[in-house]
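Residue numbers (the UniProt record's numbering): 1 to 278.
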């Protein structure tokens, strides 16, 4: 596992190690009183223990999984063509590889998913195998289904809310972010705000500055031949996965996220790993 991804990460780790050292020292004094003997040796032991606790943690930022090329060559195609991810492929697809390099074909956030071994600096999970990232998406769809979010538009809006700017900044290309919490436009901002259009059609320039989940929703809905506000029927009434619909919807999502087509075999394997939706 790649523990440190940058000089900044090393600096942050050292800072956190020193903080942990102080915590351990206070813990010792609180429960055991003053230490008799060589305090410097005890302090060194605290530092070593604190560093070890952080070094074994999967939370350190990392940008790649070590064997991503092997899996990508096996599971991904581009316009029907297999890929080797040699120097030419890496150059040609450099803007599509961010999540692929993490074995995270759904660009899932958070390091707590089964099969996750870490996360990047903004929180995308790094998986030991792509099947676990696909499983994570299936489990997330299950959670949404249980909360009544079953249409393509409902699902897409949770990933890309209309109120947010691209990149989650206060203002993007003259459009202001309107989500509560997080970056906000200046108090005197007079420009248009990112928001769901009343008539369902984004305004001119909106999608180049704000999230427009309708495009994602249209692709998901079209994959199973329903409307964007119709039930995608990803799970049965008993929680059993609708494999054919899940394969189609997930395939559409992954093409949108990465630009690549994902092998149906690994998607089906992940659906089986996800189990019943309960």
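From the three backbone atoms N, C-alpha and C, an ideal C-beta is built for every residue, glycine too.
How many Å lie between residue 108 and residue 213 at the Cα? 17 Å
Determine whether the beta carbon atoms of residue 248 and residue 138 lie at a separation below 8 Å. no
Span of the beta strand (DSSP E) around residue 187: Premise fails: residue 187 is in no beta strand (DSSP E) and is neither H nor E.
Where the alpha helix (DSSP H) through residue 173 begins and ends: Run containing residue 173: none; DSSP gives neither H nor E here.
For residue 278, which of 153, 65, 164, 236 has the nearest alpha-carbon? 236
Count the other CB atoms, across all protein chains shown, that sit within 10 Å of the CB of residue 206; report buried if there are 16 or more and exposed otherwise. buried
Alpha carbon of residue 126 to alpha carbon of residue 103, nearest angstrom: 6 Å
If we count the other Cβ atoms within 10 Å of its Cβ and call it buried at 16 or more, is residue 157 buried or exposed? buried
What does residue 118 pair with, by DSSP beta-bridge criteria? 126
Apart from the five residues just before and just after residue 273, which ones in its own chain have a Cβ nearer than 6 Å to its Cβ? 135
Would DSSP call residue 199 helix, strand or coil? coil
Is there a Cβ of chain B sitting closer than 8 Å to that of residue 218, yes or no? The structure shown contains no chain B, having only a single protein chain.
In chain order, what residues of the same chain lie with their CB nearer than 7 Å to the CB of residue 84, ignoring the 5 residues before and after it? 73
Hey, residue 220 and residue 252: beta-carbon distance below 8 Å or not? yes
Compute the Euclidean distance between the alpha carbons of residue 189 and residue 164, then round it to the nearest angstrom. 16 Å
Could you name the residues of the same chain whose beta carbon sits closer than 7 Å to that of residue 276, not counting the 5 residues immediately before and after it, in chain order? 239, 240
Assign residue 262 to one of two classes, buried (16 or more other C-beta atoms within 10 Å of its C-beta) or exposed (fewer than that). buried
Start and end of the beta strand (DSSP E) containing residue 77? 76–78
Using the C-alpha atoms, what's the distance from residue 64 back to residue 117? 11 Å
Pair within 8 Å by beta-carbon distance, residue 168 and residue 183: yes
Nearest-angstrom Cα separation, counted from residue 171 out to residue 187: 12 Å
Option in 257, 223, 217, 161 with minimal Cα separation from residue 210: 161
Find out if the Cβ-Cβ distance for the pair residue 105, residue 151 is shorter than 8 Å. no
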